[in-house]
Amino acid sequence: MERDIYDEDHEAFRDLVKSFVKKYVTNESIQRWDAEGEIDRATMKAAAESGLIGLSVPEEFGGAGMLQDYRFRTVVSEEVIAAGAGSLAGAFGIQDDLAVPYLVHMGTDEQKAKWLPKMATAEVIGALAMTEPGAGSDLRGISTTAKKVEGGYVVNGAKTFISSGKTADLVVTFVKTGEGNRPDAFSIVLIENGMEGFEHGKKLNKLGSHGHDTAELSFTDVFVPDENLLGGEEGRGFIQLMTNLPLERLSIGVAGASAAQAALGWTLEHTKAREAFGQRIIDFQNTRFKLADVAVTVDVMWAYIDRALLAYKEGKLTAEEAAKVKFWASEREWEVLDTCLQLHGGYGYMNEYPITRAFADARVHRIYGGTNEIMRDIVSRQLAGKR
Ligand SMILES: Cc1cc2nc3c(=O)[nH]c(=O)nc-3n(C[C@H](O)[C@H](O)[C@H](O)COP(=O)(O)OP(=O)(O)OC[C@H]3O[C@@H](n4cnc5c(N)ncnc54)[C@H](O)[C@@H]3O)c2cc1C
């Protein structure tokens, strides 16, 4: 089904993204990122130069000023994922969808002026650190503390599973500044590379997304100056997190639809090229029926997500609506990728095939950004009239 949410600016931007992909996203670069466990900074900078990073940074700070129009980011996800580079799409997303928006929406003027221009050029890579070894879904259970001292805070604790955690220069970090677990007991501080006592731990060895670093972080008596308290106000951390979660969840839905669409393309190609029992794999009725199901699922995914993209643009995508998109799309993505992988036969189990890597990359979409169980909890609470 033809989609109608893009205008000529988005299509012109798509051409630009395609030329970036042609130049930088090769089999060789995908293999290198996977082997090194991270996207090299030169590629990130080239992406920024081409306008693929910094889309959410306001124009006055050197970006494209498109934070509220997620269609541009969607074009990036579609094209990069179609090229088999889910890890690269992930690294772009952490910068533009997770780190930058905190500064844009909640940073002080000084924080914006200091960090956003460098984030637009990828001179500074950002990360968002909420999860800890002892607390993921239940973020009020975190134990990283930021104790007030003269001129700033002293941070102690550890974070885990942090995307871009090894390569990040600036970590938007969720901490406890008060007692108990009331929402106002939490704040967000900006922790910089090089601050004494801040260590990036080892890169974690994951099921998928091999080319995008995920790391542990530790903080031992890290002095963070007052000017690095996000928004300059203590006790706002929980509200700040809630503000950005709809975008994070929408972005996972978009990645899911992009992967499902890409999987359909790869599978059509494979099943037309390969033969068994004297005919093409696509000539088996089973294959065609499965592909028909996949094609409809992809259409419906986009119909739903496109609606969410427009709602987000109008500032109307609620936490509950974003939670629905996230869990529903990541589950359809999983079904589609599993079906498409099966139609590749043994080749679907080989890491050199994009379907294989996309399948492994997809699994985390049901886990991060809030697990799908937590998403259902959010949606069902609203249905039950409980918040
Ligand atoms: C590759 C990767 C990248 C990540 N990137 C980041 C990042 O950049 N920044 C960051 O802060 N975090 C990141 N995370 C962490 C991620 O957000 C958490 O793993 C996730 O929120 C789940 O938390 P947990 O792992 O502690 O699981 P737990 O909270 O221990 O959950 C375990 C299981 O219990 C279920 N469960 C928990 N509570 C409930 C409940 N109330 N009702 C029903 N079921 C429940 C969960 O759904 C899950 O199935 C990343 C994780 C991965 C794997």
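The opening residue of the sequence shown carries number 1 in UniProt numbering; numbering runs sequentially from there.
Virtual Cβ for every residue (Gly too), placed ideally from N, Cα, C.
Span of the beta strand (DSSP E), counted from its first residue to its last, around S187 = Position 187 of the sequence shown, counting from 1, holds the residue named residue 187. Counting along the chain, the beta strand (DSSP E) containing S187 begins and ends at 186-192.
Please name the residue, chosen from A47, R14, I81, F61, that lies closest to E333 on a Cα-to-Cα basis.
-> Taking the first residue of the sequence shown as 1, we reach residue 333 at position 333. For E333, the nearest C-alpha among the options comes from I81.
Residue(s) in a DSSP beta bridge with G152 = Counting from one through the sequence shown, the residue named residue 152 turns up at place 152. For G152, which the question treats as bridged, DSSP gives the partners V149, P225.
Does DSSP put F92 in a helix, in a strand, or in coil?
-> On the sequence shown, position 92 is the one that residue 92 refers to. Three-state DSSP puts F92 in a helix.
Could you give the distance in angstroms between the alpha-carbon of E227 and the alpha-carbon of V149?
-> Position 227 of the sequence shown, counted from the first residue, corresponds to residue 227. Position 149 of the sequence shown, counted from the first residue, corresponds to residue 149. Each residue's Cα considered, the two are about 13 Å apart.
From this set, T271, A322, E78, R71, which residue's C-alpha is nearest L343's C-alpha?
-> Indexing the sequence shown from 1 puts residue 343 at position 343. Nearest of T271, A322, E78, R71 to L343, Cα basis: T271.
Taking V319 as the reference, which of L341, G151, A276, T243 has the closest Cα?
-> Numbered from its first residue, the sequence shown carries residue 319 at position 319. Sequence check: residue 319 is Ala here, not Val. Answer by Cα proximity: T243.
Using alpha carbons as the reference points, say which of S218, M44, V175, A295 lies closest to Y153.
-> On the sequence shown, position 153 is the one that residue 153 refers to. Taking only the C-alpha atoms, the option nearest Y153 is V175.
Run the CB neighbour count on V75, radius 10 Å, all protein chains shown included, and call it buried at 16 or more, exposed below.
-> Your numbering for residue 75 matches position 75 in the sequence shown. The residue is buried, with at least 16 neighbouring Cβ atoms inside 10 Å.
State the DSSP-derived secondary structure class of Q265, mapped to helix, strand or coil.
-> As a working note, residue 265 is residue 265 in the sequence shown. What sits at residue 265 in the sequence shown is Gly, not Gln. Reduced to three states, the DSSP call for G265 is helix.
Could you say which of A273, A260, N181 lies nearest to G235 if we only look at CA atoms?
-> What you label residue 235 is simply residue 235 of the sequence shown in a count that begins at 1. If we check each option's Cα against that of G235, N181 comes out closest.
Which of helix, strand or coil DSSP assigns to F170 = On the sequence shown, residue 170 is found 170 positions in, with the first residue counted as 1. The question names Phe, but residue 170 in the sequence shown is Leu. The answer is strand: DSSP assigns L170 an E or B state.
Decide yes or no for the touch test of the segment 84-99 against the segment 207-214: beta carbon pairs closer than 8 Å, at least 3 of them.
-> yes
6 Å Cβ shell around C340 - same chain, five flanking residues per side excluded | Numbered from its first residue, the sequence shown carries residue 340 at position 340. Cβ within range, chain order: A263, T267, I355.
Take D361 and list the residues in its own chain whose beta-carbon comes closer than 8 Å to its own, dropping the five residues that flank it on each side.
-> Taking the first residue of the sequence shown as position 1, residue 361 is located at position 361. Answer for D361: G86, S87, G90, G208, S209, A259, listed in chain order.
Residue(s) in a DSSP beta bridge with V175 = Within the sequence shown, the letter at position 175 stands for residue 175. According to DSSP, V175 bridges with S187.
Look up E373 in the DSSP assignment and say whether it is helix, strand or coil.
-> Counting from 1 along the sequence shown, the entry for residue 373 is found at position 373. If DSSP states are grouped into helix, strand and coil, E373 belongs with the helices.
Just mark R71 as buried or exposed, buried being the case when its beta carbon has 16 or more other beta carbons within 10 Å.
-> Indexing the sequence shown from 1 puts residue 71 at position 71. Looking at its Cβ environment, which holds 16 or more other Cβ atoms inside 10 Å, R71 is buried.
In angstroms with no decimal places, state the Cα-to-Cα distance between H10 and P246.
-> The residue you call residue 10 lines up with position 10 of the sequence shown. The residue you call residue 246 lines up with position 246 of the sequence shown. If you take the alpha carbons of H10 and P246, they lie about 22 Å apart.
Return the CA-CA distance between D40 and L310, expressed in angstroms with no decimal places.
-> Locating residue 40 in the sequence shown gives position 40, where the first residue counts as 1. Locating residue 310 in the sequence shown gives position 310, where the first residue counts as 1. So the two alpha carbons sit approximately 33 Å from each other.
Below 8 Å, can you find three or more Cβ-Cβ pairs linking the segment 285-305 to the segment 45-58?
-> no
6 Å Cβ shell around S163 - same chain, five flanking residues per side excluded | Counting from 1 along the sequence shown, the entry for residue 163 is found at position 163. Counting only Cβ-Cβ distances below 6 Å, and skipping sequence neighbours, we find I94, T214.
So L337 is in the alpha helix (DSSP H); what residue range does that whole segment cover?
-> Position 337 of the sequence shown, counted from the first residue, corresponds to residue 337. Segment 319-343, the alpha helix (DSSP H) holding L337.
Whose C-beta lies closer than 6 Å to the C-beta of T167 among residues of the same chain, with five residues either side of it excluded?
-> Residue 167 sits at position 167 when you count from the first residue of the sequence shown. Here the set comprises E38, I125, D213.
Cα-Cα, which of A323, V294, G237, Q31 is closest to L383?
-> Residue mapping note: residue 383 aligns to position 383 of the sequence shown, counting from 1. When only C-alpha atoms are compared, the closest one is A323.
Measure the C-alpha to C-alpha separation of W302 and M130 and round it to an integer number of angstroms.
-> The sequence position of residue 302 within the sequence shown is 302, counting from 1. The sequence position of residue 130 within the sequence shown is 130, counting from 1. Going by the C-alpha atoms only, they are around 30 Å apart.
With a Cβ-Cβ cutoff of 9 Å, do P218 and G201 count as a contact?
-> Counting from one through the sequence shown, the residue named residue 218 turns up at place 218. Counting from one through the sequence shown, the residue named residue 201 turns up at place 201. The sequence as given places Ser at residue 218; Pro does not occur at that position. Taking 9 Å as the Cβ cut-off, S218 and G201 qualify as a contacting pair.
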